[in-house]
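Everything below concerns the one structure shown next.
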Amino acid sequence: MIGNILGLMPMLVLFLGSVAALFLPARRSLVFGACCALLAAATACWPEPPGAAETPLIATHLFARGCTILWSLFGASACLLAGRYRRGSRLPGPEFAALTLFTVLGMAILSAATSLVSLFLGLETMTLGFYILIAFDRQNPTGAEAGLKYLLPGLVASALLAFGTALVFTATGTFALPDAVTLSMAGASMHGIALLGWTLILCAVAFKASLAPFHLWTPDVYQGAPAPVTALLASGSKGAVFAVLLSSAPIALLLPMRPLLTGLAALSMIVGSFAALPQTNLKRMLAYSSIVHMGYLVLAVLVGGDSGLKTGLFYLISYAAATLAAFGLLASLSEDGEEPQQYAALEGLARRSRWRAAILGGALLSLAGFPPMAGFMAKMVLFTSSLSAGFRELVILALLSSLVSCYYYMRPILAMFRRSPIQGCLLPPSLTEGVVLGLWSIIMLTGGFYPEPIFLWIASLVP
Amino acid sequence: MNGFIQLPWLTLLVLAPLGGALACMAWGRRAAVIAAMTEIAIALRLSLGQKPAVEAWIRFESWPWIKTYGARFSLGMDGLALLLIWLTVILMAVALGISWPRYRQGGYYALLLTSCSGTLGVFLARDLLLFYLCWEIMLLPLVLCIALWGEARRVEAGLKLLLFTLTGSLLMLFAFLTLYILHGRTTGDYTFAMQAILATPVAPELVPWLFGCLMVAFLIKVPAIPLQGWLPDAYQQAPLAVALLLAGALAKTGIFGLIRIVLPLFPDCWVGFAPFLAGIGLAGTIYGAWLAFVQDDLKRLIAYMSVAHLGFVLLGIAAGNELALQGSLLQLFSHGITISALFVLVAFVERRTTVRQLPELGGLWSRAPRLGALFLLFSLASLGLPGLNLFVGEILILMGAFLVRPWWGAVGMVGVLLAACYTLRMVQGVLWGACKGGEQPADLRHGEAALLIPLAILVLWTGLYPAPFMKLLDNPVRQIVLQLTSTGGLP
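Protein sequence lines correspond, in order, to chains U and G.
Be aware that the first sequence starts at 104, since it is given in this note's numbering, and climbs by one per residue.
Be aware that the second sequence starts at 127, since it is given in this note's numbering, and climbs by one per residue.
Next up, the structure:
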């Protein structure tokens, strides 16, 4: 009993923190939210208590705890980045902190799910928070649109997930995740129905991870949501979805699902690449490029097993570091909640603030997969494991799409360094923003130059 | 050794420019000078403290890096690498020197230094992953330099260069990963160490694919004939320092990669491909000469001149006997020195007359005799005048080529003849003829002379007494010949 409570400690901290944040003065709430998230991360670092039994819904093994650490760090970053928006009275602080923690709780449940029920629970908890967070800035006309655009596909996805779960339960008679997958394999009595159920679940997951052709909400939501929320959405929510696909719901084991996954991956790479090419808005470009990255992650799901899990998690970390750095930088450039989203607005940034230009440039290069950034190492590792698992065609497609990606990632970089008539000083980044940007930049560089510590940490999570 | 304290000199050599780049970001461009001086000091230390070149590596350093994937930070230096390191370091100093009066931003110098760091890494890396990492680090800063500080059509030129070379890089990455997996599967030892991977027995049905991937990747960088699409724009639009590095140092990495990776990996395929490679080289010589002859823009002219010279180098490598290989490898060094000196001279001429077009130039000799004299010296060197540096390499390559197939040598001679045509046209257009432009241009200043005199000394040294350089190349050449003959290669 005590063991179970200790195992669930990070989630309890997140939950209690999210309730407590509501009662705090606005000035302190965001920092409090970040501290709570960090505390949750710290309790998740705590070594596994000896008596911790698996609860039927939520795993407490090291992988789940490692994921909780990641999501908590992402959540803390989002809270720390939101300070500028609160001061510009674009966001109410306590509610933002509470909802962020609640969302992180959803992600933690999702990545620790061992049952279809907790998968549903986690996904809905997470999404519920995002419904509000995305439309939080009521003065922003695109915010409401973005909220609605996330709400409607989200509801469809929930319905699909619920129906899929029901079908899988009908066919296999169990909610427990690895068992449900095993019982749906060829030769099972209600094989067809189970496959239909898994297909529906995959569709719901693809909605959340914005895989093509379920990606249509992505650019508008990225553009309309405040940058800290977009950062959390891009890094955490997609990460949690992939964490569950990589660990406890290995649907790539079901052979008939493989063509479907291959199709999703290939389509995401192609559609994302071509849609990102003509963009002139940084957030929309990042949205389309995130579709490509999710396509790469499907490769990790297809590879499966230990190697897929490890390379997928490393890819997630490096992708999240670059995304958080990029959106964090946008947040730190915002004035009165107006972010310089257009490339034209970024012109001359290098002259006005060279370190921030360097960070944004580094993040974009990392996403493009240029050495010596983490993105390169991540791609290298992921493509190696996919090649050795025999997905040669997909790897070639992925290499081609990363070739194309150089063009759209280079455009904002060139814009930043262009001379421009925009003058005037930028507000210097606040301390909290500096901490967040510094942290993710360091991870970005470490992942590229000396990734061994990160590899070792990941290896320690996967027994 | 020699009582010196043993420091990891190679590692320092590769990382010092990176440190310099960071310092440039923080404290402005003066840090670049310190970095360049450090590099020269380390290079001196490396060439003074060397053992007699009997072992394969004069110096070898290896650090644990990514244990999970079997990659180590290992650097190895033999005679060829030492020569190319000197080339890179000298070119880096010259590139900083000619940029100094024109560019003030620390970022520009940081990018140049980063690229040099990558180039040094490529010449030294003994680990495939490290090699690839350095290969990319070398390229991207120069693309940014072109796109940000180049001339009118800079963005287009930069993106073109990026797409061309990146295509090559991705092919290379694909081949490297395949080799890594193959090696791991057959031996159970997943490692990126070049020594191990280059001995991988590759299944015969995969060989042509991998060979093709790597060949294209390296030939793009040279650039060899069908793959030279990026070259004219990149050279013309680039800041001079970048054009200098592209022609002087980066082009060498392509050939270096051919010798160090493709050849040991697929000696059989190499021998079969050698006639095509010679054809590519000869085509490059003739085509480059042809185009150089009709260019009016000096930068473009020198760009095509560089293509012609690199064609010779490819011919020598394809010939594959000791004589031609000696010549080719020496030519790598000589060509780098000469071509960069010519780029520097173009910069000086442009600084004085504000134009680079041949029809608008003329009469420089009478107005700036010292500048004119140096221009003449380096032009004559580049057309292969005996006693100057390019002659040594050219004659060795031609002799070697004659031994293998007489007609290779014959066509090569035509190339030499054409070289005389376009170079003399350039000399005539710039130095002699009627004086154009109103005001009297100043003659060479001391600072400018300081950039060119060391290069002139090297030109004369290599031309008159090439023995020390040849001695450095003895061992690498013998190794290549051994790799070729062990598979029953060329006569």
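Yeah, the Cβ is synthetic: ideal placement off N, Cα and C, and Gly gets one too.
Query, Result
"Minimum Cβ-Cβ distance from L115/U to chain G less than 9 Å", "no"
"Segment contact flag, the segment 565-580 of chain G with the segment 494-503 of chain G, C-beta cutoff 8 Å, min 3 pairs", "yes"
"Contact list for S491/U against chain G, beta-carbon separation under 8 Å", "I307, G310, R311"
"Residue-chain proximity (A273/G, chain U), Cβ-Cβ < 9 Å", "yes"
"Beta-carbon gap between L265/G and L376/G smaller than 9 Å", "yes"
"Nearest-angstrom Cα separation, counted from L564/U out to S523/U", "48 Å"
"Check whether G519/U and G451/U have beta carbons under 9 Å apart", "Note on residue identity: the sequence assigns Met, not Gly, to residue 519/U. Taking 9 Å as the Cβ cut-off, M519/U and G451/U qualify as a contacting pair."
"8 Å CB neighbourhood of L111/U in its chain, flanking five on each side removed", "T158, I161, T163"
"Backbone secondary structure at W191/G - three-state DSSP", "strand"
"When P390/G, L524/G, V368/G, Q421/G are compared against A273/G, the one with the closest alpha-carbon", "V368/G"
"Listed by chain order, chain G residues near T549/U by CB distance under 9 Å", "Under the 9 Å cutoff, chain G gives no residues; its nearest Cβ is about 12 Å from T549/U."
"Contiguous alpha helix (DSSP H) assignments of at least 4 residues, all confined to the segment 139-187 of chain G", "156-174"
"Cβ neighbour criterion (16 or more within 10 Å) applied to V420/G", "exposed"
"Per DSSP, the bridge partner or partners of R198/G", "P190/G"
"Where N243/U falls: helix, strand or coil (DSSP)", "coil"
"Candidates L370/G, C395/G, G410/G, G398/G: closest to G355/G by CA position", "G410/G"
"Run of the alpha helix (DSSP H) containing W356/G, from where it starts to where it stops", "Looking at the DSSP string, W356/G is not in any alpha helix (DSSP H), and its letter there is neither H nor E."
"Cβ pair A360/G, L436/G closer than 9 Å", "no"
"Residues that DSSP places opposite Q445/U in a beta bridge", "N384/U"
"Nearest-angstrom Cα separation, counted from A329/G out to G614/G", "Low confidence applies here, because G614/G scores a pLDDT of 48, under 50, leaving its location unreliable and the question unanswered by this model."
"Short-range partners of chain U found in the segment 325-343 of chain G, where Cβ spacing is below 7 Å", "none"
"Contact set for F459/G: own chain, Cβ-Cβ below 6 Å, skip 5 residues either direction", "L209, L213"
"Contacts that A453/U makes with chain G (C-beta to C-beta distance below 8 Å)", "G233"
"Short CB-CB distance (under 9 Å) between G446/G and chain U", "no"
"C-beta neighbour in chain U for T379/G, strict 9 Å", "no"
"Stretch-stretch touch, CB-based, cutoff 8 Å, three pairs: the segment 176-189 of chain U with the segment 121-137 of chain U", "yes"
"Proximal residues of chain G, C-beta to C-beta of T487/U below 8 Å", "Y195, L303, Y306, I307"
"9 Å Cβ cutoff, T293/G in contact with chain U", "yes"
"DSSP-derived helix/strand/coil call for Q326/U", "helix"
"Distance between T240/G and M547/U (C-alpha atoms, nearest Å)", "18 Å"
"Residue interval of the alpha helix (DSSP H) (run including N447/G)", "It is not in any alpha helix (DSSP H) - N447/G carries neither H nor E in the DSSP assignment."
"CB-CB length for A181/U against V332/U, believed under 8 Å", "7 Å"
"Where the segment 143-168 of chain G meets chain U: residues whose CB sits under 8 Å from a CB there", "M151"
"Rounded separation between E198/U and G136/U - CA only", "10 Å"
"Outcome for A278/G when other beta-carbon atoms lying within 10 angstroms are tallied against a minimum of 16", "exposed"
"Three-state secondary structure (DSSP) of A501/U", "helix"
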